[in-house]
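Enquirer: Take a look at this one; I'll ask things after.
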Amino acid sequence: MPAARVSEWRKLPVSLTELCIETTLRCGQSFRWRKLGDEWHMSLYGRILSLKQDSTHLHYKATWPAATSTPFTTSTSAKEETVVDDTEELVKHYFSLKHNAAALYNQWSQSDPNFRKKAPKFTGIRILSQDAWETLIGFICSSNNNISRISQMIHKLCENYGPLIGNIGDEAFHEFPTPEALKGKEVDAHLRDLAFGYRAKYIAETARIVSEERPTDWLESLTNPNNPGWGTGHRSGLLRANYKEAHEQLLQLVGVGPKVADCVCLMGLSWGEAVPVDTHIWQIAQRDYSFARVKSSSLSKSMYHSIGDHFRRIWGDQAGWAQSVLFTANLKSFSARPKAEPDPVAVKLQAEVCETVTGEVETKYKVEEDTLVGSMRQFRKRRVSATGGTDLENTTIEQELISVAPRSRKRRRPLRLS
Numbered sequence: 001m002p003a004a005r006v007s008e009w010r011k012l013p014v015s016l017t018e019l020c021i022e023t024t025l026r027c028g029q030s031f032r033w034r035k036l037g038d039e040w041h042m043s044l045y046g047r048i049l050s051l052k053q054d055s056t057h058l059h060y061k062a063t064w065p066a067a068t069s070t071p072f073t074t075s076t077s078a079k080e081e082t083v084v085d086d087t088e089e090l091v092k093h094y095f096s097l098k099h100n101a102a103a104l105y106n107q108w109s110q111s112d113p114n115f116r117k118k119a120p121k122f123t124g125i126r127i128l129s130q131d132a133w134e135t136l137i138g139f140i141c142s143s144n145n146n147i148s149r150i151s152q153m154i155h156k157l158c159e160n161y162g163p164l165i166g167n168i169g170d171e172a173f174h175e176f177p178t179p180e181a182l183k184g185k186e187v188d189a190h191l192r193d194l195a196f197g198y199r200a201k202y203i204a205e206t207a208r209i210v211s212e213e214r215p216t217d218w219l220e221s222l223t224n225p226n227n228p229g230w231g232t233g234h235r236s237g238l239l240r241a242n243y244k245e246a247h248e249q250l251l252q253l254v255g256v257g258p259k260v261a262d263c264v265c266l267m268g269l270s271w272g273e274a275v276p277v278d279t280h281i282w283q284i285a286q287r288d289y290s291f292a293r294v295k296s297s298s299l300s301k302s303m304y305h306s307i308g309d310h311f312r313r314i315w316g317d318q319a320g321w322a323q324s325v326l327f328t329a330n331l332k333s334f335s336a337r338p339k340a341e342p343d344p345v346a347v348k349l350q351a352e353v354c355e356t357v358t359g360e361v362e363t364k365y366k367v368e369e370d371t372l373v374g375s376m377r378q379f380r381k382r383r384v385s386a387t388g389g390t391d392l393e394n395t396t397i398e399q400e401l402i403s404v405a406p407r408s409r410k411r412r413r414p415l416r417l418s
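In full-length UniProt numbering, the protein residues as written are 1 to 418.
Here is the structure:
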């Protein structure tokens with residue numbers, strides 16, 4: 001393959017409170033991201049998108065295959081030709097950066113004590129705006145499955161049926177296959193050989209239905225018009241479905257039940273009110289929201305809708321996003337995640353130097369900190385004492401946490417030393 005074209009690293013000012021790719025790309029929304037070193041990579045709309053992040057910026061670059069037509073938008077004038085790279089707009093669209101995550105977290109915390117308790121460890125989770133077709137197949141593969149195995153299946157689909165985009169080191173990256181590429185009995189048989197099991201039939205038949213029995217823009221017609229799919233724009237004359245209609249139409253496909261339909265609505269069609277209810281969310285509803293425990297191993301249709309409606313009443317039109325935060329908090333792979341260290345907003349320090357009865361020098365400090373934990377302000381006091389003078393090797397330091405309290409926004413009091 002000819003040498004690829006690679007852009008330089010660019011960056012967007014995004015805090016970890018607004019977006020944490022380490023969590024968002026691992027929490028079961030997308031299954032094609034691969035981490036190599038400290039960078040994340042995935043083929044996306046004809047390029048390999050590479051990401052890395054620090055505390056203040058999201059860094060990105062794009063790699064294109066040299067043999068294909070240019071992915072740039074080109075404009076010409078009488079004097080010069082200007083080439084515009086759209087990767088920044090793609091990144092903003094993919095991570096739904098038009099929404100203020102901190103404001104939404106604050107809104108959900110005010111309306112839901114359980115969210116307020118869990119959220120500080122899981123700031124920066126965002127709902128991805130993904131390709132609807134890829135999301136549909138990804139969640140058909142999710143039936144009775146886990147994130148690791150789903151990712152392996154999707155990798156096999158791309159490797160066997162998707163066009164090669166390029167390489168990062170020794171790793172090959174393929175585009176996601178089209179419906180036309182995945183239809184047919186031969187695909188069904190091959191996927192069974194690749195250990196897809198009963199999902200092989202679901203994928204091949206759904207690909208046939210979408211490619212042969214639905215209009216070309218069918219999935220786009222199910223998309224939330226306030227957030228159309230990448231590169232589609234606002235098409236005039238396209239009959240648009242609402243969330244309920246989109247959900248019902250997806251249920252007509254093979255291998256698509258209520259949960260898979262809601263996953264597609266939320267992460268592929270941008271319906272923020274869609275609340276996928278799986279085993280994790282059912283457990284959360286029973287444990288934290290007083291839903292009755294039932295002996296049945298499966299949810300009834302009425303119970304499924306009851307749980308979704310309950311969360312929509314609490315969290316509003318972005319209920320699916322709030323649900324994804326609690327879903328992530330319930331995953332074993334994230335259960336031991338430490339709480340984010342608070343960023344200091346203001347610190348007051350008072351020191352007192354005295355001599356102990358043994359002749360040692362003791363310094364006592366009283367510290368008051370006004371801190372920011374995620375989107376929450378917190379006020380805490382500590383008492384610190386250091387004994388041993390200037391001999392650091394023999395210095396004893398003791399800390400005592402006096403108090404921790406949420407910082408009220410309604411009443412402001414002067415900081416006092418106790």
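Cβ atoms here follow ideal geometry from the backbone N, Cα and C, with glycine treated the same way.
So, under 8 angstroms CB-CB, lysine 183 and arginine 199 are touching, yes? Tell me the CB distance rounded to an integer number of Å.
Expert: That belief does not hold up - the Cβ atoms of lysine 183 and arginine 199 are roughly 15 angstroms apart, past 8 angstroms.
Enquirer: Who pairs with histidine 174 in a beta bridge, going by DSSP?
Expert: Leu164
Enquirer: Helix, strand or coil for isoleucine 21 per DSSP?
Expert: helix
Enquirer: Using 8 angstroms as the cut-off, can you tell me whether the segment 312-321 makes contact with the segment 264-275, which would need three or more C-beta pairs spanning the two stretches below that distance?
Expert: yes
Enquirer: Of the residues Pro225, Asn242, Lys156, Ile168, which one's Cα is nearest the Cα of histidine 190?
Expert: Lys156
Enquirer: What ranges does the beta strand (DSSP E) occupy inside the segment 227-307, keeping only unbroken runs of at least 3 residues that lie completely in it?
Expert: none
Enquirer: Quick check on the DSSP output: the beta strand (DSSP E) that includes tryptophan 33 runs from which residue to which?
Expert: It is not in any beta strand (DSSP E) - tryptophan 33 carries neither H nor E in the DSSP assignment.
Enquirer: Glutamine 152: which of Ile281, Leu25, Arg34 sits nearest, CA to CA?
Expert: Arg34
Enquirer: Please state the DSSP three-state secondary structure of tryptophan 218.
Expert: helix
Enquirer: Going by the DSSP bridge assignment, what does isoleucine 48 pair with across the sheet?
Expert: Ser43, Thr63
Enquirer: Have a look at tyrosine 289 and cysteine 263 and give me their C-alpha separation to the nearest angstrom.
Expert: 21 angstroms
Enquirer: Quick check on glutamine 107: does DSSP put it in helix, strand or coil?
Expert: helix
Enquirer: Under a Cβ-count criterion, where at least 16 other Cβ atoms within 10 Å of its own Cβ denotes burial, should serine 129 be classed as buried or exposed?
Expert: buried
Enquirer: Buried or exposed: which applies to glutamate 80, given that a residue is buried once 16 or more other Cβ atoms fall within 10 Å of its Cβ?
Expert: Confidence at glutamate 80 is low in this model, with a pLDDT of 44, below 50, so the placement of that residue should be treated as unreliable; the coordinate-derived value is given next. By the 10 Å Cβ count, glutamate 80 comes out exposed.
Enquirer: Could you check which residue in Lys92, Ala4, Glu8, Cys27 has the C-alpha nearest to that of glycine 46?
Expert: Ala4
Enquirer: On the premise that glycine 316 lies in contact with valine 275, defined as a C-beta separation below 8 angstroms, what is that separation, rounded to the nearest angstrom?
Expert: About 11 angstroms separates the two Cβ atoms, so there is no contact after all.
Enquirer: If I follow the unbroken beta strand (DSSP E) through leucine 12, where does it start and stop?
Expert: Element bounds for leucine 12: 10-13.
Enquirer: Check the DSSP bridge columns for histidine 93 and list the partner residues they point to.
Expert: Bridge partners of histidine 93: none, in fact.
Enquirer: Considering Cα atoms alone, identify which of Asp54, Ser30, Gln53, Val254 is closest to serine 43.
Expert: Closest by alpha carbon: Ser30.
Enquirer: With a threshold of 16 other CB atoms inside 10 Å of the CB of leucine 36, please say whether the residue is buried or exposed.
Expert: exposed
Enquirer: Which residues bound the alpha helix (DSSP H) around phenylalanine 327?
Expert: 319-330
Enquirer: If contact is defined by three or more beta carbon pairs under 8 angstroms, each pair taking one atom from either stretch, is the segment 138-153 in contact with the segment 216-235?
Expert: no
Enquirer: Let's test the definition: count the other Cβ atoms within 10 Å of the Cβ of tryptophan 282 and tell me whether it reaches 16, buried, or not, exposed.
Expert: Answer is buried; the Cβ neighbour count reaches 16.
Enquirer: Consult DSSP for leucine 58 and reduce its assignment to one of helix, strand or coil.
Expert: Three-state DSSP puts leucine 58 in a strand.
Enquirer: Take valine 91 and list the residues in its own chain whose beta-carbon comes closer than 6 angstroms to its own, dropping the five residues that flank it on each side.
Expert: Excluding residues within five positions, the ones whose Cβ falls inside 6 angstroms are Tyr60.
Enquirer: Helix, strand or coil for glutamine 53? Go by DSSP, reduced to three states.
Expert: strand
Enquirer: In angstroms with no decimal places, state the Cα-to-Cα distance between glutamine 53 and isoleucine 21.
Expert: 7 angstroms
Enquirer: If I follow the unbroken alpha helix (DSSP H) through proline 202, where does it start and stop?
Expert: Checking the sequence shown, residue 202 turns out to be tyrosine, not proline. Here the alpha helix (DSSP H) through tyrosine 202 covers 199-208.
Enquirer: I believe threonine 17 touches alanine 101 by the beta-carbon criterion, under 8 angstroms. Please report the beta-carbon distance rounded to the nearest angstrom.
Expert: 7 angstroms
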